[in-house]
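Chains as they are written, first to last, in my numbering: chain A, 6 to 304; chain B, 3 to 360; chain C, 148 to 442.
We treat Cβ as the ideally placed atom computed from N, Cα and C, and that holds for glycine.
Here's what the structure looks like:
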């Protein structure tokens with residue numbers, strides 16, 4: 006009797022059932038490879054688990070101890086400081102340059118937009134691992150491109166910043182990362198109907214007025230979204246920092262971004278639980294940013 | 003090829019009632035028009051019949067078969083959407099052939115039938131084009147071809163002519179009627195345009211606010227409207243509906259600025275009612291510069307010459323009356339004229355219920 | 148006043164525009180000069196120099212797996228293998244992401260249920276944990292599943308990372324598609340699935356192209372996931388391969404590395420991304436992310 010009822014229900018709702026099943030594979034994949042490891046990480050952050058040694062197997066649940074340690078950890082705050090500098094400056098630079106590039110690709114009246122697009126895309130198209138090398142080849146004081154050019158004009162050579170300091174990371178991250186803004190904002194500019202500008206021109210609006218009264222209101226949401234996404238990406242990724250730093254923190258801590266600190270804590274100092282706690286702090290920041298992103302996700 | 007019965011259909015969208023207890027029988031091979039203003043529930047009805055929407059309560063029968071749980075694809079209905087919904091990525095041929103291809107007809111048969119129907123609709127020279135290369139009228143024909151190719155039991159048309167220009171609309175509506183006859187499908191045609199409805203329908207069902215107002219032939223609706231809504235909705239220009247009170251003692255209808263004597267044969271019908279609405283079509287009024295029998299004086303408010311005839315709007319205090327005259331009648335705004343009522347052709351409605359008394 | 152400003156302003160704007168454009172171009176291109184120069188220089192060095200002679204020998208070296216020196220030791224050379232691996236990873240990623248994002252994006256666009264916005268939000272939030280904090284769990288999980296040293300496994304993990312965004316993008320495209328089309332398909336006798344394949348998908352071509360491009364990039368650029376999951380050098384994707392040729396600390400640049408072929412490989416690596424971007428530029432501008440539905 007019950008089985009018959011279930012069968013009838015399935016028959017009546019077959020279409021909706023099929024429709025719902027279509028999400029399952031994607032959800033399964035996301036769940037397995039995103040949520041499970043993340044949950045695992047969060048769990049670790051409440052334990053005193055170590056990567057090797059006794060505590061690797063005989064670990065115990067220690068509640069919020071890692072988080073309390075973290076608050077009193079001087080290195081954590083130094084790392085936080087570096088991260089804030091890195092993210093704030095990167096945000097401004099990546100956005101400004103990307104925005105300019107997007108304007109040249111869309112609204113500007115310059116010719117050869119496909120060529121411009123291709124050139125502007127180059128930095129993000131070469132492998133990330135090469136980015137620090139191309140910058141060093143440019144800035145190295147003795148043989149670097151810039152000083153070679155200056156020298157050939159008889160100008161004094163400069164000592165450019167190119168070593169393992171926050172400024173280098175920002176410079177490389179900006180150069181390789183503005184394309185993200187460019188792609189997003191170019192798409193936002195393109196979505197503005199041409200008629201709006203024509204109307205504005207009919208009324209004799211100046212360029213600045215056109216930007217302020219037509220363009221800006223229409224790109225406000227993608228713009229905010231873009232800023233949030235940049236910040237999220239910068240706080241999350243530490244490829245360049247890792248390349249300049251290696252497997253252990255540098256004594257001056259100038260390249261020790263928060264995410265890298267989490268990695269070092271877990272894999273250099275073997276304090277896995279502590280590392281995971283730092284990871285979770287970042288996750289919370291990203292979490293909040295994502296919620297903000299949703300609020301503004303009207304591309 | 004089937005009779006359709008709608009039984010107590012009710013449909014809610016969230017908490018909004020779109021359809022209120024609709025009962026309607028659509029006869030076999032009939033062309034039924036669902037007519038009403040936008041938001042009246044006519045498209046919802048059509049979509050429930052197609053199976054695209056589930057009724058909150060009530061049933062749909064094709065013949066004796068209960069259709070409530072039959073999926074869209076098994077209903078053997080065809081539908082022409084207002085947007086035509088031609089598949090943009092397919093050529094005209096594939097668009098028309100689509101229902102047959104899905105039903106796995108042999109290739110030769112498909113070719114033969116597409117060719118037949120394309121010739122019938124005079125689009126056989128367009129088969130290699132994509133929909134966006136066609137004009138609105140041509141797209142409309144393709145959509146019709148696709149709807150008719152598998153000889154559907156039920157043909158549903160949702161404002162099929164709304165996106166065409168006026169001239170093409172007139173042309174296509176007679177064509178649709180002719181096609182429907184020759185294919186012997188039961189057809190349901192949704193429109194908000196009462197002229198279109200009158201010209202094409204075997205019968206019309208008038209809907210308003212999700213409620214069925216009246217079902218009948220165009221003639222019946224025009225000459226015997228059941229209520230004020232139908233009276234006001236059907237006919238161009240729309241019927242004059244005048245507020246008045248019935249004075250039983252004096253046996254007159256009092257419009258305010260003027261009164262009319264009530265003929266003996268109507269009197270018994272009006273017994274007991276005091277507030278009524280008198281309806282009279284603009285064509286049933288006579289206007290003249292001289293006083294006539296049963297006539298009242300009014301001032302001309304506007305004059306709208308339409309070529310064959312002229313519509314004159316007359317005014318007296320707060321009463322406005324529309325009159326259709328022949329073109330020969332020349333008059334100017336502000337002039338005073340006499341209008342006579344043909345009392346045999348007036349309609350009287352109860353003001354409270356809106357139902358027709360006469 | 149404003150008209151005077153306009154008269155003076157207009158021509159100088161154009162000039163200003165070109166000045167800014169050229170400055171930007173210099174900024175973008177100067178660091179790359181070394182890369183391009185070294186990939187064709189007969190005598191490659193770690194710094195920019197005027198080539199003594201131009202050659203395509205380095206590219207040939209890459210494509211013929213000529214031995215290369217670099218890093219800590221002379222490397223066994225798997226350059227063509229690396230290119231193949233990168234292609235396998237990104238190809239598989241494209242297939243997985245396009246298929247799954249299309250199905251689930253469609254489903255999310257058409258289903259109506261309570262908590263749908265919550266589910267959409269959860270999907271987007273799924274990437275909130277930094278990859279590096281998840282290294283150990285991810286490695287353990289993948290070892291259990293046999294994804295270590297497994298290119299398809301890498302592609303699956305990479306896909307799971309890019310899927311959320313792609314689902315959102317495709318849902319946006321599905322939302323824009325008129326409902327009439329699929330309803331017409333059902334009326335013509337299609338069931339849910341065949342309507343999707345015969346009518347819906349062919350009409351979201353631009354959306355599919357965008358998602359294919361973006362998932363290709365995420366596979367092509369994948370670095371962290373292969374770094375965690377690949378041990379054997381012949382299974383490296385290009386990104387990891389190049390990293391293995393250079394030694395770890397860029398500060399100590401100048402050690403013996405075969406810069407010519409390495410830079411040539413980097414140039415080759417850039418080609419597909421740029422070509423695809425130029426090809427799909429107009430399509431990419433059509434991206435509209437889905438919105439949460441207000442009901």
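message: Among 266/B, 240/B and 277/B, whose alpha-carbon lies nearest the alpha-carbon of residue 258/B?
response: By one-based count along the second chain, residue 258/B stands at place 256. Selected option, being the one with the closest Cα: 277/B.
query: Under 7 Å Cβ-Cβ, which residues of chain C neighbour residue 105/B?
result: For the purposes of this step, residue 105/B is taken as residue 103 along the second chain, with counting starting at 1. In chain order: 336.
query: Would you say residue 124/A faces chain C, with C-beta separation under 8 Å as the test?
result: The residue given as residue 124/A occupies position 119 in the first chain. For residue 124/A, the answer is yes, since a Cβ of chain C falls inside 8 Å of its Cβ.
message: Let me confirm a value: residue 127/A is counted as buried when at least 16 other C-beta atoms fall within 10 Å, else exposed. Which label applies?
response: Residue 127/A sits at position 122 when you count from the first residue of the first chain. It counts as buried.
query: Closest Cβ-Cβ distance between residue 81/B and chain C: below 8 Å?
result: Residue 81/B sits at position 79 when you count from the first residue of the second chain. True, the Cβ-Cβ gap to chain C drops below 8 Å.
field: Among 169/B, 8/B, 353/B and 211/B, nearest to residue 248/B - alpha-carbon criterion
entry: Numbered from its first residue, the second chain carries residue 248/B at position 246. Looking at 169/B, 8/B, 353/B and 211/B, the one whose alpha-carbon comes closest to that of residue 248/B is 353/B.
- prompt: Counting contacts by CB-CB distance shorter than 8 Å, is residue 366/C in contact with chain A?
  reply: Taking the first residue of the third chain as position 1, residue 366/C is located at position 219. Residue-level contact by beta carbon fails for residue 366/C and chain A, as no gap is shorter than 8 Å.
field: Residue-level contact to chain C via CB, residue 133/B, 8 Å cutoff
entry: The sequence position of residue 133/B within the second chain is 131, counting from 1. Residue 133/B has a beta carbon lying at 8 Å or more from every beta carbon in chain C.
- request: Report yes if the CB atom of residue 13/B is closer than 8 Å to the CB atom of residue 55/B, and no otherwise.
  value: Here the question's residue 13/B lines up with position 11 in the second chain. Here the question's residue 55/B lines up with position 53 in the second chain. Yes, these two residues count as a Cβ contact at 8 Å.
- request: Output, in chain order, the set of chain C residues within a Cβ distance shorter than 7 Å of residue 85/B.
  value: For the purposes of this step, residue 85/B is taken as the residue at position 83 of the second chain. Simply 325 and 327.
task: Consult DSSP for residue 9/B and reduce its assignment to one of helix, strand or coil.
output: Position 7 of the second chain, counted from the start, is the residue given in the question as residue 9/B. Three-state result, residue 9/B: strand.
field: Whole-angstrom C-beta distance between residue 385/C and residue 230/C, which should lie under 8 Å
entry: Translated into positions along the third chain, residue 230/C becomes position 83. Translated into positions along the third chain, residue 385/C becomes position 238. Confirmed, Cβ separation roughly 6 Å.
query: For the candidate residues 269/A, 279/A and 180/A, whose alpha-carbon lies nearest to that of residue 102/A?
result: As a working mapping, residue 102/A is identified with position 97 in the first chain. Of 269/A, 279/A and 180/A, the residue nearest in Cα terms is 180/A.
- prompt: By a C-beta neighbour count over all protein chains shown, 10 Å radius and 16 as the cutoff for buried, is residue 405/C buried or exposed?
  reply: As a first step, residue 405/C must be located in the third chain, where it is residue number 258. Classified as buried, residue 405/C has 16 or more neighbouring CB atoms from the shown chains inside 10 Å of its CB.
Pairwise C-alpha distance: residue 242/C and residue 398/C: The residue given as residue 398/C occupies position 251 in the third chain. The residue given as residue 242/C occupies position 95 in the third chain. Bear in mind that the predicted position of residue 398/C carries a pLDDT of just 45, short of 50, making it too unreliable to give a figure here.
task: Compare the beta carbon distance of residue 182/A and residue 99/A with 8 Å and say whether it is the shorter of the two.
output: Looking up residue 182/A in the first chain gives position 177. Looking up residue 99/A in the first chain gives position 94. Yes, the Cβ-Cβ distance between residue 182/A and residue 99/A is below 8 Å.
Neighbouring residues, chain C, relative to residue 162/B (Cβ below 8 Å): For the purposes of this step, residue 162/B is identified with residue 160 of the second chain, where counting begins at 1. The contacting residues do not exist; residue 162/B stays about 13 Å from chain C at best.
message: Looking at the ligand ADP, does it come within less than 7 Å of residue 170/B, judged from the CB to the closest heavy atom?
response: You won't find the ligand ADP in this model; it holds no ligand whatsoever.
task: Anything in chain C within Cβ reach of residue 75/B, meaning under 7 Å, just list it in chain order.
output: Within the second chain, the letter at position 73 stands for residue 75/B. Within chain C, the residues near residue 75/B are 333, 336, 337 and 338.
- request: Please work out which residues of its chain come closer than 6 Å, Cβ to Cβ, to residue 273/C, disregarding the five sequence neighbours upstream and downstream, and give them in chain order.
  value: As a first step, residue 273/C is located in the third chain; it is residue number 126 there, counting from the start. 311.
query: With a CB to CB cut of under 7 Å and the five nearest residues on each side skipped, what residues in its chain are close to residue 119/B?
result: On the second chain, position 117 is the one that residue 119/B refers to. The residues are 98, 147, 150 and 151.
query: Is any beta-carbon of chain C found at less than 8 Å from that of residue 90/B?
result: Numbered from 1 along the second chain, position 88 holds the residue referred to as residue 90/B. Residue contact check for residue 90/B against chain C: a CB pair falls below 8 Å.
Contact residues within the stretch 38–52 of chain B, judged by C-beta distance below 8 Å to chain C: From the stretch 38–52 of chain B, only 52 have a Cβ closer than 8 Å to chain C.
field: Buried versus exposed call for residue 59/B [16 or more other C-beta atoms within 10 Å across all chains shown]
entry: Sequence index remark: in the second chain, residue 59/B carries index 57 (1-based). By the 10 Å Cβ count, residue 59/B comes out exposed.
- request: Give me the Cα-Cα distance between residue 396/C and residue 322/C, rounded to the nearest whole angstrom.
  value: Walking along the third chain from the start, residue 396/C turns up at place 249. Walking along the third chain from the start, residue 322/C turns up at place 175. Only weak support exists for where residue 396/C lies, its pLDDT of 47 falling under 50; the coordinates are left without a value.
message: Taking the straight line between their C-alpha atoms, what separation do you get for residue 269/B and residue 253/B?
response: If you number the second chain from 1, residue 269/B lands on position 267. If you number the second chain from 1, residue 253/B lands on position 251. If you take the alpha carbons of residue 269/B and residue 253/B, they lie about 8 Å apart.
field: Coarse secondary structure for residue 322/C, derived from DSSP in three states
entry: Here residue 322/C is taken as the residue at index 175 of the third chain, counted from 1. In the structure shown, residue 322/C falls within a helical segment according to DSSP collapsed to helix, strand and coil.
- prompt: Below 8 Å between beta carbons: does that hold for residue 185/C and residue 407/C?
  reply: Mapped onto the third chain, residue 185/C falls at position 38. Mapped onto the third chain, residue 407/C falls at position 260. Yes, the pair counts as a contact, with Cβ atoms nearer than the cut-off.
- prompt: Hey, residue 252/A and residue 194/C: beta-carbon distance below 8 Å or not?
  reply: The count along the first chain starts at 1 and reaches residue 252/A at position 247. The count along the third chain starts at 1 and reaches residue 194/C at position 47. Going by C-beta atoms, residue 252/A is not nearer than 8 Å to residue 194/C.
message: Between the alpha carbons of residue 239/C and residue 136/B, how many angstroms are there, rounded?
response: Counting from 1 along the third chain, the entry for residue 239/C is found at position 92. Counting from 1 along the second chain, the entry for residue 136/B is found at position 134. Answer to the nearest angstrom: the Cα atoms are 40 Å apart.
field: Contact list for the stretch 252–283 of chain C against chain A, Cβ threshold 7 Å
entry: Only those residues of the stretch 252–283 of chain C whose C-beta falls short of 7 Å from the nearest C-beta of chain A are listed: 253, 254, 255, 257, 258, 268, 270, 271, 272, 273, 274, 275, 276, 277, 279, 280, 281 and 283.
- request: Tell me whether the beta-carbon of residue 331/C lies closer than 8 Å to the beta-carbon of residue 185/B.
  value: For the purposes of this step, residue 331/C is identified with residue 184 of the third chain, where counting begins at 1. For the purposes of this step, residue 185/B is identified with residue 183 of the second chain, where counting begins at 1. Contact annotation: residue 331/C and residue 185/B have beta-carbon atoms that are not nearer than 8 Å.
- prompt: What in chain B is Cβ-close to residue 350/C, meaning under 9 Å?
  reply: Counting from 1 along the third chain, the entry for residue 350/C is found at position 203. Under a criterion of Cβ atoms nearer than 9 Å, the residues of chain B adjacent to residue 350/C are, in order, 89, 90 and 91.
message: Just list the residues that DSSP pairs residue 205/C with in beta bridges.
response: As a working mapping, residue 205/C is identified with position 58 in the third chain. Paired residues: none, contrary to the question.
task: Measure how close the beta-carbons of residue 35/B and residue 206/B come, nearest whole angstrom, since I'm counting them as under 8 Å.
output: Taking the first residue of the second chain as position 1, residue 35/B is located at position 33. Taking the first residue of the second chain as position 1, residue 206/B is located at position 204. Rounded, the Cβ-Cβ distance is 5 Å, consistent with contact.
field: Sheet register partners of residue 207/B (DSSP bridge)
entry: As a first step, residue 207/B must be located in the second chain, where it is residue number 205. BP columns for residue 207/B point to 36/B and 217/B.
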